[in-house]
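Below is one structure, written out as structure tokens; comments come after it.
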Amino acid sequence: MDNPVFSKSECLSHYKWGDDCYGWNLIDTDALSVKQELMPPDTAEQLHYHEKSSQVFFILKGRATFSIDGEISVLKPEQGIEIKPGQKHFISNKENSDLEFILYSTPSTKNDRINIES
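Those letters in the sequence shown? Residues 0 to 117, by numbering that gives the first Met the number 0.
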């Protein structure tokens, strides 16, 4: 089939990141990465940026708090945000319930993540 259907239950791979956060690779090529990720309550990732990749986060469940170049944005389900190359950012879940979102990166963020020490 030229256009395979994909789902979280039949993903390319499953991974754990951060403080008990989970991800599912739905599409994983050099040009495009599409993931579904879950962050439990009171979790956050490290401040970082990407030199080449643009990212789009689309919230499915919960509320996401983003810090992008020091500016805070809070997104709810059915809202999304774009992060451009070079923007220093992180996502956190400050709520009492799980946060789930879709993350699109183009090109893929493989070998394109620069962590910033706090």
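Where is the CB? At the ideal position from N, CA and C, for every residue including glycine.
Whole-Å CB distance - residue i paired with residue j, under 8 Å assumed
i, j, result
"residue 53", "residue 83", "6 Å"
"residue 58", "residue 40", "Not really, about 15 Å apart at Cβ, beyond 8 Å."
"residue 60", "residue 29", "Residue 60 to residue 29, Cβ: 30 Å. No contact."
Euclidean distance between Cα positions of residue i and residue j
i, j, result
"residue 20", "residue 65", "16 Å"
"residue 32", "residue 94", "27 Å"
"residue 50", "residue 9", "31 Å"
"residue 90", "residue 105", "18 Å"
"residue 92", "residue 110", "25 Å"
"residue 112", "residue 5", "26 Å"
"residue 62", "residue 102", "15 Å"
"residue 73", "residue 37", "16 Å"
Any non-hydrogen atom of the ligand MG within 6 Å of residue i CB
i, result
"residue 6", "In terms of ligand content, the structure shown is empty, and the ligand MG therefore cannot be addressed."
Reduced DSSP secondary structure (H/G/I, E/B, other) of residue i
i, result
"residue 7", "helix"
"residue 47", "strand"
"residue 59", "strand"
"residue 35", "strand"
"residue 2", "coil"
Short Cβ contact (7 Å threshold) for residue i with residue j
i, j, result
"residue 13", "residue 115", "no"
"residue 56", "residue 80", "yes"
"residue 18", "residue 42", "yes"
"residue 11", "residue 2", "no"
"residue 7", "residue 35", "yes"
"residue 45", "residue 67", "no"
Counterpart residues of residue i in DSSP-defined beta bridges
i, result
"residue 105", "53"
"residue 79", "57"
"residue 115", "None; residue 115 has no bridge partner."
"residue 97", "Partner(s): none; residue 97 has no beta bridge."
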